[in-house]
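Heads up: the structure comes next, in structure tokens.
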Amino acid sequence: MATKKTTRSAKKAAPASRFSLTTAEFKESILKHLHSTLGTDENKASNRAWAEATAAAANDFVYERLRQTQKAHFEADTRAVHYLSAEFLMGRLLSNNLHNLGVFEAAADALKELGHDISVILDEEPDMALGNGGLGRLAACFIDSLATLNYPAIGYGIHYEHGLFRQEFRDNRQIERPDEWREYGSPFEICRPESIQEVPLFGYVETVFDETGNMKKKWHPGRVIKGVPWDVPIVGFGAETVNILRLWESRASDFFNWDVFNAGGYVDSQAENAEAEAVSKVLYPNDETEAGKQLRLIQQYFFCACSLKDIVRRYRRAHGDDWSKFADQNVMQLNDTHPAVAIPEFMRLLVDEYDMNWDDAWKISRSAFAYTNHTLLPEALEKWDVYLFERVLPRHLEIIYEINRRFLNDEVEAKWPGNDEIKAKLSIIEEGDSRKVRMGHLSVIGSFKVNGVAQIHSELVKKDLFPEYDALFPGKFTNVTNGITPRRWLKACNPRLSALLTEKVGEEWPRDLELLRDIAKYADDPAFQKEYMDIKLANKVDMAATIKELTGVEVDPTAIFDVQIKRLHEYKRQQMNLLHILALYRRLLENPDYDMHPRVVIFGSKAAPGYKLAKDIIYGINCIADKVNNDPRIKGKLKVVFLPNYRVTIAEKLIPAADLSQQISLAGFEASGTGNMKLALNGALTVGTLDGANIEIAEEAGEEHVCIFGMNVDEAQALKAQGYNPWDYYYSNPELKAILDWLDTDYFTPGKPGELSSIKRSLLDGGDPYMALADFESYSDAHKRADTRFRDKAGWARSMIINTATMGKFNSDRSMEDYVRDIWKLTKCPVK
Ligand code: 9GP
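The working numbering applies: residue 2 is where the sequence shown begins, and numbers increase by one.
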């Protein structure tokens with residue numbers, strides 16, 4: 002029976018919400034949707050149906066605010082940012098939407114009265130994993146913050162049918178299974194067939210002359226596919242603004258060939274369809290290697306072409322053929338080089354389709370694009386073979402040549418007259434046996450601002466990656482340090498700690514994370530320390546149950562939870578963590594009384610399917626885990642857990658339970674990191690190198706509340722320059738030698754010696770490109786310090802509290818305000 006009672010918690014949530022909704026009203030709404038939207042009833046509804054009915058109840062508010070937002074934006078006709086990203090790693094949406102609407106507790110109470118536990122219902126939702134890792138999750142945090150801050154913004158991406166693969170372990174090895182995030186549809190998206198766009202591909206370019214004798218280029222595409230937009234409403238915290246994420250799905254422009262079908266060619270008639278659908282079929286599961294070739298290039302062009310047409314359509318609806326205001330009204334942010342092809346596409350639209358002269362078009366284009374660089378890894382700075390570009394996008398290649406010709410002849414020549422060497426270096430086209438289009442160069446040349454994602458990274462972008470461009474374009478390069486949304490990464494994922502923080506500093510901290518600084522004054526208060534640490538322990542108890550459920554491994558919640566969660570890559574150095582586990586294990590075997598606090602080393606990570614060494618490292622960790630976890634001699638002092646299918650939802654459970662946050666990349670290689678921010682905000686101490694945002698985390702928290710180790714960027718570069726030899730470390734450190742040699746035996750792979758040798762080989766014969774051996778001793782010492790500090794209960798609690806208190810800088814709202822101030826120049830558009 003519906004009651005009129007408003008629960009205490011629902012009342013407490015009220016200030017964050019514009020919907021003062023009682024439990025009874027929410028209950029009624031869920032039931033209404035169960036009946037009229039889902040066509041079922043409470044006696045037979047599955048958990049999935051309950052989840053969808055709850056989502057539909059929330060959508061009543063979401064859609065209303067979406068409508069109001071779109072009306073307000075249209076009427077105000079203000080400048081908007083268009084965030085072009087091949088990845089949006091959204092995770093689950095229902096819990097987030099309920100929190101941001103301010104009705105989470107009302108929903109929980111309503112479901113409870115209906116006989117359901119909200120956490121079980123929320124567990125029904127698959128993760129929307131349309132991204133690989135940090136880059137995609139960052140995009141998701143940014144669009145949350147833009148809506149929260151009432152900025153007009155649209156995220157544009159790809160409606161992948163299959164997101165990042167589902168990871169399973171078979172015989173300790175990673176195997177990949179397709180992800181099915183929307184197998185039976187999703188209540189979080191709206192199809193908008195009225196905004197379908199056509200995308201031309203292939204074909205040839207003809208030179209024609211118009212009636213006044215002007216030369217024009219006419220592209221005759223070989224194929225045209227359709228982009229169907231799906232809108233995912235993005236609910237800002239407090240739900241004043243609901244923006245959209247528009248994701249494009251590819252379809253054949255003619256659904257299928259009717260005549261061929263009628264003539265009996267049932268399969269052939271679908272061929273064109275299948276080919277077109279392939280474009281948005283899968284997310285490429287490699288975020289830091291150059292791969293994918295033709296299909297990936299088509300994917301990139303597909304979503305950029307659809308998005309630009311959408312932006313232009315909206316602009317022309319308000320301004321007709323008056324292009325003079327385009328760059329005042331629109332900024333297009335390129336998230337890494339994946340959408341860089343948007344630059345020649347926009348030039349094509351202006352010059353070929355809207356008959357603008359080149360100079361005017363270039364001026365508008367260069368004032369409308371900005372580019373974020375997320376990596377210095379050469380293999381991740383995309384380069385496309387010229388022949389491939391020519392085949393898929395013949396007109397775009399011509400446009401790129403023209404951009405390049407003018408750039409080299411005018412701008413580079415003016416600055417460095419007659420300097421062919423510099424021209425070759427700055428040219429968009431890399432000459433050589435196989436000529437390539439350098440998308441990073443194109444992005445820098447075609448943008449009005451370029452930013453890196455943490456202070457040190459932005460410096461390295463200027464100093465090491467693009468020094469000549471920095472000299473040529475003073476002021477173009479800037480920094481915006483990344484951030485994370487505190488709504489998802491503290492309020493929603495760590496309800497116990499959130500309640501304590503709210504009690505101490507009030508309810509506004511999820512918007513203004515700097516307010517948490519106030520809890521630093523309790524850092525030495527034993528009563529507060531106890532409350533804080535009791536919460537950490539309770540989160541660890543929950544996590545221990547999840548670990549047991551997912552892996553069968555029993556872990557002690559009072560042990561140190563030592564966490565490394567991120568994509569698997571040599572530069573992130575999971576292999577160094579593996580060596581440290583072996584060192585601890587060996588020390589325990591040699592001396593059963595070895596003085597260490599019990600420790601659980603927890604990994605969550607996926608390896609790109611084609612990245613053999615990364616997969617070998619996963620295999621190695623799993624094999625070592627089998628041995629260590631079942632060795633009675635070490636009396637449970639060390640456990641190793643590799644959580645299968647790591648994703649946003651697992652991160653939300655694990656981060657609140659972490660004690661140590663491993664951020665151990667070789668200095669100079671992790672552009673920023675964002676997991677480091679989430680873990681520190683939830684209290685974990687960073688065991689990290691002076692790399693990416695670790696440096697800023699250490700600055701904010703204070704060096705005494707993190708465990709920094711290893712070479713800094715200058716030292717690492719100097720060692721490399723002088724000639725790094727990993728064998729020196731192998732021969733000079735007997736422990737390191739012993740554990741590396743262990744990998745050649747069958748100790749961890751009974752009956753199969755050598756199965757882990759590839760890890761050793763990569764570190765010795767392979768040259769150890771990320772210098773794990775050079776940093777190992779200092780890394781091991783940092784862990785010893787962390788262990789000692791963990792045992793000083795008051796000191797440890799103090800450090801954890803200080804970490805939570807001082808992470809205000811890493812609110813993605815702050816990142817957004819930095820972008821707005823330094824790059825986007827947006828004005829807030831409140832929605833009443
Ligand atoms: O590797 C970076 C990571 O350090 C950063 O935090 C993230 C968001 O800026 O981007 C990652 N880069 C990529 O995934 C590919 O460039």
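Built from N, CA and C at the ideal position, the CB exists for glycine as well.
The continuous alpha helix (DSSP H) containing K72 extends over residues 48-77. By the C-beta criterion, the segment 35-46 is judged not to be in contact with the segment 208-226, since fewer than 3 inter-stretch pairs fall below 8 Å. With respect to P345, W220 sits apart: the two C-beta atoms are not nearer than 8 Å.
Each residue's CA atom was taken as its position, placing K794 and Y780 some 23 Å apart.
Contact check for K282 against H163 passes: the beta carbons are separated by less than 8 Å. Counting only the Cα atoms, A111 lies some 20 Å from K492. Note on geometry: alpha-carbon atoms of L351 and S366 lie some 9 Å from one another. Under the 8 Å Cβ criterion, the segment 749-757 counts as touching the segment 623-643, having at least three qualifying pairs. Beta-bridge annotation (DSSP): G453 is paired with N480.
With a threshold of 7 Å, the Cβ atom of T376 counts as near the ligand 9GP, since some heavy atom of the ligand is closer than that. If you check the C-beta of L90 against the ligand 9GP, you find no heavy atom less than 7 Å away. Restricting attention to alpha helix (DSSP H) runs no shorter than 4 residues, the segment 749-777 encloses them at 758-764, ordered along the chain. Scanning F478, G796, Y732 for the CA closest to the CA of K531 turns up G796.
For N244, the enclosing beta strand (DSSP E) begins and ends at 243-253. Cα atoms of E380 and M577: separation of roughly 22 Å, rounded to the nearest angstrom. When the Cα atoms are used, K45 and N60 turn out to be separated by approximately 23 Å.
Under the DSSP assignment, M817 falls in the alpha helix (DSSP H) whose first and last residues are 813-820.
For T687, the pairing in a beta bridge is given by DSSP as S662. Every unbroken stretch of the alpha helix (DSSP H) spanning 4 or more residues and falling wholly within the segment 692-748 is given here in chain order: 695-702, 714-723, 727-733, 735-743. V462 sits in a helix when the DSSP states are folded into three classes. With respect to D128, T650 sits close: the two C-beta atoms are nearer than 8 Å. Per the DSSP secondary-structure output, R178 pairs in a beta bridge with R167. Runs of the beta strand (DSSP E) spanning 3 or more residues and lying entirely within the segment 68-131 occur at 81-85, 89-92, 129-131, in chain order. Annotation for F370: the continuous beta strand (DSSP E) segment containing it runs 370-373.
If you draw a 10 Å sphere on the C-beta of G321, you find fewer than 16 other C-beta atoms in it, and that means exposed. Under the DSSP definition of a beta bridge, F604 partners with Q565, F643. Nearest Cα to A609 within the set L165, E422, G103, E736: L165. Per the DSSP secondary-structure output, F210 pairs in a beta bridge with M216. Pairing T55 with A107 gives a Cβ-Cβ distance that is not under 8 Å. According to the DSSP assignment, Y157 belongs to the beta strand (DSSP E) that extends over 154-159. Taking a contact as a CB-CB distance under 8 Å, the pair Y725 and A668 does not count as one, their CB atoms being some 14 Å apart. Where V225 is concerned, the enclosing beta strand (DSSP E) starts and stops at 224-236.
Looking at the DSSP output, M333 bridges to H83, F370. For V554, the secondary structure class from DSSP, reduced to helix, strand or coil, is coil.
Approximately 19 Å separates the beta-carbon atoms of A306 and N274; this is outside 8 Å, ruling out the contact.
The secondary-structure analysis by DSSP pairs E199 across a beta bridge with K227.
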